[in-house]
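Residue numbers (the numbering used here): 1130 to 2006.
Down below is the structure, laid out as structure tokens.
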Amino acid sequence: MHVKNLSDIPKAYEPKEAESKWYKFWEENNLFHSEIDEDEEPYTIVIPPPNITGILHIGHILNNTIQDVYIRYKRMNGYNACWVPGTDHASIATESKVINHLKEQGINKWDIGREEFLKHCHEWRNKYGGIIINQLRKLGVSCDWERERFTMDEHYSQKVLEAFVDLYNNEKIYRGYRMVNWCPATKSAISDEEVFYKEVNGKLWHLKYPVVDEDDHIIDHVVVATTRPETMLGDTAVAVNPNDERYKHLVGKKVLLPLADREIPVISDDYVEMDFGTGVVKITPAHDPNDYEMAQRHDIEIINIYNDDSTTNGNVPHEFQSLDRFVVRKKVVARFEEMGLLDKITDYTNKVGYSQRGNVPIEPYLSEQWFMKMDELVKPALEVVREGKVKFHPAHWIKTYEHWMDNIRDWCISRQLWWGHRIPVWYHNSSDEVYCGIEPPKDPENWTQETDVLDTWASSWLWAQDTFTNKEDQAYYYPTNLLVTAPDIIFFWVARMIIAGMEFMNDVPFRDVYFTSMIRDEQGRKMSKSLGNSPDPLDIIDEYGADALRFTISYISPLGQDVLFSTDKCEIGRNFANKIWNAARFLLMNAQEVELKDKLKEKHVDFADKWIMSRFQSALNDYNKAIDNFELNTATKVLYGFIWNDFCDWYLELIKNQIYSDDQEVKAAVLTRALSLFEDMLKMLHPFMPFLTEELWQLFDERKENESISVSAFPKFDELLIDKNAEEEIEFVKNVVTAIRNIRGEMNVPPSKAINVFMKSKPLSEIQQKYISSLGKIENLTVDENLEKPKASSSAVVKGADIFIPLEGLIDIEEEKARVVKEINRLEGMLVGVTKKLANENFVGRAPADVVEKEKKKKTDWENKVEKLKEILSDLN
RNA sequence: GGGGCCUUAGCUCAGUUGGUUUAGAGCACCUGCCUUACAAGCAGGGGGUCACAAGUUCGAGUCUUGUAGGCCCCACCA
């Protein structure tokens, strides 16, 4: 061991320089690249590929910090760690962005055509697509950059199409004219999962429809209640509940639909709720999924009134044609009012489905679409989660997953977009023949290719398997080990990856899934662009450092719980980094002039050394367990507590005696030990704080050119180093010192003033006395088993010792009495509890013997203390 | 309507299988310190009937049930 020469090491840790320096170093030395090595067990993570349209937000920071912690931890523990980065083409999101981008230049997607438009998409991707993934480097992620993938890479695209063809041939993909969620903004179908529901303060319009007899005479009126009055133009029936006495007589009669002027039947169906609205429902089969189903049950006509942008088509009366659906709404209501057919308008809040990307209300719409049949595909995927072959953390997500899988409907995978994987299907120009294959038909002039592309998730569902681009890699790295993701894409992505894994690989895609916390702002609101409450992670890194951010976010994010984040919380990490920096600085500065030798480690060892080693082993053990249990915040708390409290507050203070020793060998020995332990500490810390630990680790010794802590061996837990004896000895010293400091504090004795202390205790070793003297700032320490209490002194009783501090002139008798009385009261309070407990026959009889024993011991200890304190008190009187 | 999660100090949260004392940490607060690693620091201190109620148990912050409040997901009430 040979520490680097430090002429001017700064007083505070300065992250900026260290971060850029070491990331470059890691990349240049290719430390994070993984190749197949049959002698090593792989540990694989595929990154949740960020959208090429996305911006880096705090959620990415949490997500990628967690992945990096696991990858670095496993790498240091001897695994062949492989973290595959990449990006998602994000079909609908990107297409919207590019459309808007072109619009600004006065260009319309339809004018330039498919080929030209796709060129713009690729350009856009080349320009912006790598931003997030590059920004992640600032966070210190140890991805294998040689393996960076994109969901539209040639190989990957090929696999996406192969999957389609395969499922098509197995009749798990079909085409159908069905009602889908239609997004009028993007003019495309979207899946059920892409619809989100907003509570809207709307109205319920009550419309009167005339009932007519065979001769078209108006004999009555029925009132229907609707939230979308414009759809009445597509009504083809009116329905009531078969048990509704109010309307029984109307069933089978006809209603004359106003404005449209057509007669439509009154039918009865169980679906109708009698006590909602008026109990009469207008049926618009083309624009409502329930109505559509009812129409099929009753064989009712279906009239589509909309174009693909949800403007009205030729199926509505002339005056309403070619208008936006919300304009039509106003017009229809106005005309009803004119005709005296508007019964009333009431306020009504309901949930309206919105398109996630278009952010407009979706319209149920009938169209030709491609669907994936899910009922069979879901079965093995459900099973592997139930059996624990894929484990969810926290486990309660299993229920959500099961519920979705049990109620799954066929997946609409076609999108009327251009950016994405074009569906590999061709329609024959002069027959009904359909061709599906990777290669185009042999006589392309006779065929027309499907214009739709696939839902983005019908490509990213292969991410865990096809980011490995050859069979050998796939066999070695698949199944991957861990997936770290936000719970909001459990259906979109996690579930579908499991489905794909079971279907195409016949094995799970990953063994563990870590669902991250949802990051909210201080008021508990979601981070969002519109609220402007989402801090830019790069600004935080700039201000606090990447390590501080990584540590803080791990520290405050428990598994399975939302977390309230604010930038200034990063002080936790920054201050901790600084603390470590200064502890290192202290040791390094003192080691400058000393010759450190490994063989000195065993020399001049005392119980403080044994204690800190013992504590370190416990911390290491707790840390390993926490990582295994996916409790990263626990791991950070273990680190924080051990390093700050045990190592810095106590150990470094204890060994100052030896560090300042005139005996060079004593000094060298203690510094060798401390630095060696510190090195292990740095390794433990490295997965969370890679930059700081690399910076310090490089200072601790002369390293080889490409040597890095990131590929060094992680410390191994050694139970033999746990030393309860040493822990007790230090515990005693700590208790005595704390009691003395307490008196100093309460009596306002300045820290600079040395005091005399008398201890009534069995003889103490020289080293114990030294420790107590230096930490208590004691001039003369007298230890005697038969000590008489000195006059005018302040006292304390700890286990194994009575402590007296003569404070002539400084002591106020009344104050001192109050102090002692307070302590007696505290102890007596505790004694009441334990005495009661021990008097309880049931407790003594039924509780385990060791528990009872403990209680008894507590009781005698406290009784002793109280007795002594009472003596002290009576002396004061 | 179904399901999940949460409620512990002024604030943000720990508290693993029920059994170390009268429940911990950080921030904030009070007192004293620029003690030659660190004021982004050191030492000491105050502060909580663990949301409420009942139950199980020798023993409940921890398990069960109910009540109140908050958050989220799913579901076709027009």
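Note that CB positions come from ideal geometry on N, CA and C, so glycine has one too.
Cut-off 6 Å between Cβ atoms - residues of its own chain near residue 1185, not counting five sequence neighbours on either side: Scanning its chain for C-beta atoms nearer than 6 Å, with the 5 sequence neighbours on each side dropped, one finds around residue 1185 the residues 1261, 1264 and 1666, in chain order.
Using three-state DSSP, classify residue 1325 as helix, strand or coil. DSSP places residue 1325 within a strand segment (E or B) once states are collapsed to three.
Beta strand (DSSP E) containing residue 1423: first to last residue? Careful: residue 1423 lies outside any beta strand (DSSP E), inside the alpha helix (DSSP H) at 1418–1427.
Given this structure, state the Cα-to-Cα distance separating residue 1182 from residue 1549, to the nearest angstrom. Their Cα atoms are separated by approximately 14 Å.
Out of curiosity, what's the CA-to-CA distance linking residue 1986 and residue 1860? Each residue's CA atom was taken as its position, placing residue 1986 and residue 1860 some 18 Å apart.
State the Cα-Cα distance for the pair residue 1332 and residue 1477, rounded to the nearest angstrom. Distance between the alpha carbons of residue 1332 and residue 1477: 5 Å.
Looking at the unbroken beta strand (DSSP E) that takes in residue 1713, where does it start and where does it end? Element bounds for residue 1713: not the beta strand (DSSP E) but the alpha helix (DSSP H), 1700–1720.
Could you check if residue 1933 is buried or exposed, using at least 16 other CB atoms within 10 Å of its CB as the buried criterion? Buried.
How many angstroms separate the CA atom of residue 1786 from the CA atom of residue 1688? Those two C-alpha atoms are separated by around 43 Å.
Here's the rule I'm using: 16 or more other beta-carbon atoms within 10 Å means buried, otherwise exposed. How should residue 1571 be labelled? It is exposed - the Cβ of residue 1571 has fewer than 16 other Cβ atoms within 10 Å.
Just verifying my parser: in three-state terms, what is the DSSP assignment at residue 1592? In this structure, residue 1592 counts as helix in the three-state DSSP scheme.
Using 8 Å as the threshold, is the C-beta distance between residue 1156 and residue 1208 below it? Contact flag unset, no.
Which residues does DSSP pair with residue 1307 in a beta bridge? Looking at the DSSP output, residue 1307 shares a beta bridge with 1496.
According to DSSP, simplified to helix, strand and coil, what is residue 1883? The three-state secondary structure of residue 1883, taken from DSSP, is coil.
Whole alpha helix (DSSP H) elements within the stretch 1179–1243, 4-residue minimum: Assignment of alpha helix (DSSP H) within the stretch 1179–1243, counting only whole runs of 4 or more residues, yields 1187–1205 and 1220–1233 in chain order.
Validate contact between the stretch 1326–1344 and the stretch 1358–1367 using beta carbons, cut 8 Å, 3 pairs: At 8 Å Cβ cutoff, the stretches touch.
Own chain, CB closer than 7 Å to residue 1681, minus 5 neighbours either side, in chain order: Within the same chain, Cβ atoms closer than 7 Å to the Cβ of residue 1681 are found at 1698, 1699, 1701 and 1702, the five residues on either side in sequence being excluded.
Kindly indicate which residue of 1362, 1222, 1372 and 1378 has the alpha-carbon position closest to the one of residue 1351. Answer by Cα proximity: 1378.
Going by C-alpha to C-alpha distance, which of 1326, 1427, 1802 and 1757 sits closest to residue 1641? Residue 1757 is the option with its Cα nearest to residue 1641.
CB-CB under 6 Å to residue 1371, same chain, minus the five flanking residues each way: which ones, in chain order? The residues are 1397.
Should the stretch 1391–1405 be regarded as contacting the stretch 1435–1445, the criterion being three or more beta carbon pairs within less than 8 Å? With the cut-off at 8 Å, the stretch 1391–1405 and the stretch 1435–1445 do not touch.
For residue 1408, count the other beta carbons within 10 Å of its own beta carbon; 16 or more makes it buried, fewer makes it exposed. Which is it? So residue 1408 counts as buried.
Sub-8 Å separation of residue 1795 and residue 1784 beta-carbons: Their beta carbons are not under 8 Å apart, which means residue 1795 does not touch residue 1784 by this criterion.
Sort 1154, 1507, 1773 and 1464 by Cα distance to residue 1633 and report the nearest one. Among 1154, 1507, 1773 and 1464, the Cα nearest to that of residue 1633 belongs to 1507.
Three or more beta-carbon pairs under 8 Å between the stretch 1316–1324 and the stretch 1475–1493, yes or no? Two segments are said to touch when three or more pairs of C-beta atoms, one from each, lie closer than 8 Å; by this definition the stretch 1316–1324 touches the stretch 1475–1493.
DSSP beta-bridge partners of residue 1397: DSSP, once it has assigned bridges, lists 1369 as partnering residue 1397.
Which one of 1297, 1403, 1458 and 1646 has the shortest CA to CA distance from residue 1502? Residue 1297 is the option with its Cα nearest to residue 1502.
Can you tell me whether residue 1331 is helix, strand or coil according to DSSP? In this structure, residue 1331 counts as strand in the three-state DSSP scheme.
Three-state secondary structure assigned by DSSP to residue 1555: Residue state, collapsed to three classes: strand.
Buried versus exposed, by CB contacts within 10 Å (16 or more), residue 1793: Its Cβ having fewer than 16 others within 10 Å, residue 1793 is exposed.
Using C-beta distances below 7 Å, list every residue in its chain close to residue 1929, excluding the 5 sequence neighbours before and after it, in chain order. So the qualifying residues of the chain are 1861 and 1890.
Proximity of residue 1163 and residue 1210 at Cβ, strictly below 8 Å: Yes. Within cutoff.
Length of the line joining the Cα atoms of residue 1825 and residue 1713: Residue 1825 and residue 1713 have their alpha carbons spaced roughly 7 Å apart.
Starting from residue 1931, trace the beta strand (DSSP E) in both directions and tell me its first and last residue. For residue 1931, the uninterrupted beta strand (DSSP E) segment begins and ends at 1930–1935.
For residue 1898, three-class secondary structure by DSSP: Helix, per DSSP.
Which full runs of the alpha helix (DSSP H) of 4+ residues lie inside the stretch 1421–1489, going along the chain? Correct list: 1454–1467.
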